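This report refers to the structure that appears directly beneath it.
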Amino acid sequence: MKAQMGIMEYIIMTFFMVVVIIVIIFFLIGFQVGQFTLQKHGSETDRALALSKQIVSSPLFVKEESVFDDGKLTSLTTLGNICPELEAMFGNDWFFEITVLDSQPIVPCTRNSYPNCNYWAFCVQDENSISFDFPVNIHRSIGFSDSTGIFSRTDIGIIKAGIYVN
Amino acid sequence: MLTNQKRTGQTTIIFILIVIVIFAGMAVFLLSLAETVSQSEYITLYTYNLLSSLLKTDTGQTAFSCKTVSDVLACSFLTPTYVCGNQDCFNFADETINARMDQFAVVKEGFRYLLTVEPEGFVSLPYGSPYTIEIGDSSLKEEKIEKITARERIQKVLDGKPYLLTVTLTLAKKETA
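The structure is reproduced here in structure tokens:
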């Protein structure tokens, strides 16, 4: 009887240890999966931030760093869907939009609306994304006019740049 | 003997449980350290860009001393009696900057700001005592809270002499009630 109880004890203890080991394995697997997910989110966030920095200094869009040229932006938007060409330069699955903060209703810039417009958008789609907003300037070539001529103006605005995620 | 075996078994189980708890604690600790630096880098860049963009923005005035926000701030120090629109330079700067920051508050909520302008290498004494400009929430200067700061220099020439001003923008998150 005593011997049987001793054996039962060992069996129960062994079973318990196996259960604990399996729990530890599942725990470590879950931890690794969590780490991978976190790393993925981190690298997507880093990519969105790097893209934002790249766009605010790209001569394709700006007059000087963080000063966008409204003529360049409007020329690009009037070309139609240039996302494939831009993706060749900046990679896939990204977008950015620039809004002038002038307390006016949003008017997308096109050949017809320029210069009385305040919004440019590139590769914007209705998908999940990670994005960053930054204050920027927009150089308006046709800022204001008076009796002496037409003058440029530097407005303040905001850029929202990001990448699409699954 | 049976009692000693039971004790050995119980000790082993307790040891295993302690190991599991240590693992779990390490995992929680490591996960908490895994926060990326991106958010901190972003808000620092945001603050710097906000200050830089603000200073370059046109005010809507065409006069040389009033054209951009940095011009108006310099005017507040160097020619404080100069009139921009129908206000002196400081009041015009105060109104313009607050209006711009209010527009940004709509886009990015939850921040308090303080813009300070100080002379560098000279003392401005328009009213007999050293002069600095503060626009925004002055209480931010003394509060011991987490703040993000960006600094820029403005250089202006008056009567052939260059003057340097240091502009500091401080942002802090608003405390939610």
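Sequences listed follow chains E and Z, in order.
The letter at position 86 of the first sequence is residue 86 when you use this note's numbering, and the numbering goes up by one with no holes.
The letter at position 103 of the second sequence is residue 1103 when you use this note's numbering, and the numbering goes up by one with no holes.
Backbone N, C-alpha and C define an ideal beta-carbon position, used for all residues, glycine too.
Predicted model only: the values in this text are computed from it and were never measured.
- Interface residue (Cβ-Cβ distance to chain E less than 8 Å): valine 1157 (chain Z) is not classified as such.
- Contacts between arginine 1153 (chain Z) and chain E, judged by CB atoms closer than 9 Å, are missing: the closest CB pair is about 16 Å apart.
- Glycine 143 (chain E) and isoleucine 98 (chain E) do not touch by the CB rule: their CB atoms are close to 16 Å apart, not below 8 Å.
- Your pair proline 135 (chain E) and phenylalanine 1104 (chain Z) checks out as a contact, with CB atoms roughly 7 Å apart and the cut at 8 Å.
- For tyrosine 164 (chain E), the enclosing beta strand (DSSP E) starts and ends at 149 to 164.
- Per DSSP, the continuous beta strand (DSSP E) segment holding tyrosine 1113 (chain Z) begins and ends at 1111 to 1120.
- Put simply, the backbone Cα of leucine 1114 (chain Z) is about 19 Å away from that of glutamate 1120 (chain Z).
- For valine 107 (chain E), not one C-beta of chain Z is nearer than 8 Å to its own C-beta.
- Contact annotation, isoleucine 163 (chain E) with serine 129 (chain E): C-beta distance approximately 6 Å; criterion of less than 8 Å satisfied.
- Between the C-alpha atoms of isoleucine 7 (chain E) and leucine 1017 (chain Z) there is a straight-line separation of about 23 Å.
- A Cβ-Cβ contact shorter than 8 Å links threonine 1057 (chain Z) with threonine 1068 (chain Z).
- Taken through DSSP and simplified to helix, strand or coil, isoleucine 138 (chain E) comes out as strand.
- In the DSSP assignment, glutamine 1087 (chain Z) forms a beta bridge with Z:Cys1084.
- The region 116 to 123 of chain E and the region 71 to 87 of chain E touch, with three or more beta-carbon pairs separated by less than 8 Å.
- Taking a beta-carbon distance threshold of 8 Å, aspartate 1058 (chain Z) counts as an interface residue toward chain E.
- Taking 8 Å as the upper bound for CB-CB distance, phenylalanine 68 (chain E) and asparagine 137 (chain E) are in contact here, some 7 Å apart.
- In chain order, Ser66 make up the part of chain E whose C-beta sits under 7 Å from the C-beta of serine 1052 (chain Z).
- Considered as a whole, the region 76 to 128 of chain E harbours 94 to 100, 119 to 122 as its complete beta strand (DSSP E) runs of no fewer than 3 residues, in chain order.
- Of E:Ile106, E:Met1, E:Glu127, E:Phe61, the smallest CA-CA separation from phenylalanine 90 (chain E) is found for E:Phe61.
- Contact with chain E is absent for threonine 1096 (chain Z), since none of that chain's Cβ atoms lies less than 8 Å from the residue's Cβ.
- Of all alpha-carbon atoms in Z:Asn1091, Z:Leu1164, Z:Met1026, the one lying nearest the alpha-carbon of isoleucine 1135 (chain Z) is that of Z:Asn1091.
- Bounds of the beta strand (DSSP E) holding isoleucine 1154 (chain Z) are 1148 to 1158.
- The Cβ of leucine 86 (chain E) sits no closer than 8 Å to any Cβ of chain Z.
- A residue is called buried once 16 or more other Cβ atoms fall within 10 Å of its Cβ, and glutamate 44 (chain E) is buried on that count.
- With distances taken between CA atoms, leucine 1165 (chain Z) lies nearest to Z:Val1117 out of Z:Gly1025, Z:Phe1023, Z:Val1117, Z:Val1157.
- Straight through space, the alpha carbons of valine 18 (chain E) and glutamine 32 (chain E) are spaced by roughly 21 Å.
- Taking CB atoms only, arginine 153 (chain E) has a neighbour in chain Z less than 8 Å away.
- Residues of chain Z with a Cβ closer than 9 Å to the Cβ of proline 115 (chain E) do not exist; the shortest Cβ-Cβ separation is about 14 Å.
- A direct Cα-to-Cα measurement between leucine 1045 (chain Z) and asparagine 116 (chain E) gives close to 30 Å.
- Only Phe132, Asp133, Phe134, Pro135, Val136, Asn137 from the region 109 to 139 of chain E bring a Cβ to less than 9 Å from some Cβ of chain Z.
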